[in-house]
Amino acid sequence: MAARCGPVDVPRRARPGRAALIATVVFAALVHGTGGATGGPGTDALGSPGARAGTAPETPAEPPPTGDDGPLFLDRSAALPGPHVYAGGWEHFVGGGVAAFDCNGDGFPDLAAAGGSNPARLFVNATASPGAPLAFRAGEFPRIDGVTGLYPLDIDGDAILDLAVLRVGANLLLQGQGDCRFRDAGSTWGFDGSDRWTTAFAATFEPGRDMPTLAFGNYVDRDDPEGPFGTCDVNHLYRGAGGRYAAPHDLSPGFCALSMLFTDWRRQGRAALRVSNDRHYYVRGGAEQLWQMAPLRLAGPEDGWPQVSLWGMGIASRDLDGDGWAEVMTTSMGDQLLQLAEPGGGYRNAPYEIGTYAQRPWFGDDGRPSTGWHAEFGDIDNDGRDDLFIAKGNVDQMPSNAAKDPNNLLMQRPDGRFAEAADRAGIATTDRSRGAALADLNRDGRLDLVVVNRRAPMELWENATRAGHWLSVAVTAPPPNTGGLGSFVELETSDGRRQTRELTVGGGHAGGAALPLHFGLGEARTARLRAVRPGPRPGAWDIGPWVEVQADAPVMLDLGKGMVRPAP
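The sequence shown runs 695 to 1262 under the working numbering.
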């Protein structure tokens, strides 16, 4: 590949875009939610009323306030070094992710954003000090187009973050050099980026391996002359040893993946690969998938894995009720599906009254179904309860779905239900949003927001909410798994509430974060913290001691030593 120092060329097909032409015409003509299949808009097997095309929205009950003042964000997009737009034709109707990570070790999160037909861009955080006004500068980055998404992780165990770059064309692994510099390390690591339309990614560490296992999710097979409908590509699993990756395993069948996440869904110390798939192109016979790793096989109902079919776009995972088992949010067209975890494994669909289905625009008179993309949990007001952001936006000009589709900011209330607050927060934009990130960009203890839009500039929002106490936890671990992937971090406050975080790479829509864990503490000024690491065999755990920590400060948790120390 000729992408070392110059542009990465997106391979052109000999055929004159037959699949793309058909999809562009038919995509706009199909009407979703007319009944029949499970998991989409309309009354269906998800167990929620849903939203049928052409119906007016019901009048919602007036939600109670989420706090004294509610969340508040300030538009800081001018702090970016010029506008950045995710652009392109049919192949960039999906994708548009952003990676949030510290690429120069200064403690401030930097951003790498997909551009589609525009080059991907790196934005280096130039904020002067914690709590200072947000500032970014353009970073030096290989000129790469055709990028759909980016995920940060440490591939070579040197504690410097690398980047997995998803593309329409050959995927790339960029090795971090420090000081926000990157080089293409595909040949060094024996990585064959293939030539696919890649839209999803996840990574984990399997026992006994010295390199992370990588999963790449592929969308429609552009070479299939019968496409695009019913022609989903296979996905790929890369396993490495001794510093090099072997040829990938095909994960077949593929059902047009748009999000992936390795997660220890049964708390056995072994991760499985969750895959969210787009029913628009697999049409029938497909479903959400879960791949067990050892041996490599698809899970089924006998494993407690439910059969769910929807227009899967993004995945978010977080323990919402403090029982140690992570709930899972999957975005879609129409109903956004929250699945509540059952202890021991398995899920049940959340009741409609929980307030997360977000199936229609929450303002305006457009009753057509919403289109959800990136989903992410985070405690916006630091009250100790995780909230939920969902990026929304029409695929392009699909008449069956809402044209002006505002993003959701769903604030969790004390009773576990969620209430819309994007209007009061000031982030109720209606562009075609895709990827996003919640990250404390100026290190003031509050999660800020970045949103990538299709055919519109990227948004940058500073969190100015009057918030509670907080804790930032940077996790370190011995090489090769310096990020501690597969481990859990638990935090407990004096009122007995416990928060559990799984260390993962993947999920969202085409982008993810490798940043310190952010905990909201509410009124608590102290907390205790511990690490839970997978043991040598399934079901065995290495549980670290509880360590007392003070609120409103960054700390470092060393998984190898079980120690907590102040962060620089």
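Every residue, glycine too, gets a C-beta built ideally from N, C-alpha and C. The structure presented is a predicted model; accordingly, all values stated were derived computationally and were not measured.
Practice task
Rounded to whole angstroms, what's the CA-CA distance from residue 783 to residue 777? Just pull it up for me.
Solution key: Roughly 19 Å separates the two Cα atoms.
Problem - Reduced DSSP category for residue 771 - H, G, I as helix; E, B as strand; rest coil - result: helix
Exercise for the section: Would you kindly check if the distance between the Cβ of residue 909 and the Cβ of residue 1205 is under 7 Å? Expected result: no
Exercise for the section: Might you give, ordered along the chain, the residues of its own chain that have their beta carbon closer than 6 Å to the beta carbon of residue 833, omitting 5 neighbours on each side? Expected result: 816, 818, 874
Practice task
Between the Cα of residue 1112 and those of 1208, 1015, 1134, spot the shortest distance and give me the residue it belongs to.
Solution key: 1015
Handout entry: residue 974, DSSP secondary structure in three states
Key = helix
Exercise for the section: Flag residue 935 as yes when its Cβ comes closer than 6 Å to any non-hydrogen atom of the ligand GDP, and as no otherwise. Expected result: The ligand GDP is not among the ligands present in this structure, which contains no ligands whatsoever.
Practice task
Give the DSSP bridge partners of residue 1022, in chain order.
Solution key: 1011, 1033
Exercise for the section: Enumerate in chain order the residues of its own chain whose CB-to-CB distance from residue 1232 is below 7 Å, with the five nearest sequence positions on each side excluded. Expected result: 962, 963, 964
Problem - Three-state secondary structure (DSSP) of residue 1208 - result: Strand, per DSSP.
Handout entry: Host alpha helix (DSSP H) of residue 1118 (start-end)
Key = 1116 to 1119
Exercise for the section: Might you give, ordered along the chain, the residues of its own chain that have their beta carbon closer than 8 Å to the beta carbon of residue 1192, omitting 5 neighbours on each side? Expected result: Result list for residue 1192: 1016, 1018, 1184, 1185, 1186, in chain order.
Handout entry: Counted within 10 angstroms of its Cβ, other Cβ atoms place residue 1086 as buried (16 or more) or exposed
Key = buried
Exercise for the section: Please name the residue in 1222, 765, 1065 whose C-alpha comes closest to that of residue 1004. Expected result: 1065
Practice task
Tell me, to the nearest whole angstrom, how far the beta carbon of residue 969 is from that of residue 911; I am working on the premise that it is less than 8 Å.
Solution key: Between the beta-carbon of residue 969 and that of residue 911 there is about 6 Å, and that keeps the pair under the 8 Å contact cut.
Problem - Neighbour-count burial assignment, residue 1237, 16 or more Cβ in a 10 Å radius - result: exposed
Exercise for the section: Pick helix, strand or coil for residue 1074, following the three-state DSSP scheme. Expected result: coil
Handout entry: Start-to-end residues for the beta strand (DSSP E) that takes in residue 1251
Key = Its beta strand (DSSP E) spans residues 1247 to 1252.
Practice task
State the Cα-Cα distance for the pair residue 1124 and residue 1099, rounded to the nearest angstrom.
Solution key: 5 Å
Practice task
Give the straight-line distance between the Cα atoms of residue 1056 and residue 771, rounded to the nearest whole angstrom.
Solution key: 24 Å
Handout entry: Contact the stretch 1037 to 1051 vs the stretch 1198 to 1213: 3+ CB pairs below 8 Å
Key = Contact fails between the stretch 1037 to 1051 and the stretch 1198 to 1213, because fewer than three Cβ pairs, one in each stretch, are under 8 Å apart.
Exercise for the section: Kindly indicate the opening and closing residues of the beta strand (DSSP E) around residue 828. Expected result: Careful: residue 828 lies outside any beta strand (DSSP E) and carries neither H nor E.
Practice task
Give the DSSP-derived three-state secondary structure of residue 733 in the structure shown.
Solution key: The predicted model places residue 733 with a pLDDT of 38, which falls under 50 and marks its position as unreliable; any figure quoted below should be read in that light. In this structure, residue 733 counts as coil in the three-state DSSP scheme.
Exercise for the section: Tell me whether the beta-carbon of residue 1148 lies closer than 7 Å to the beta-carbon of residue 1067. Expected result: no
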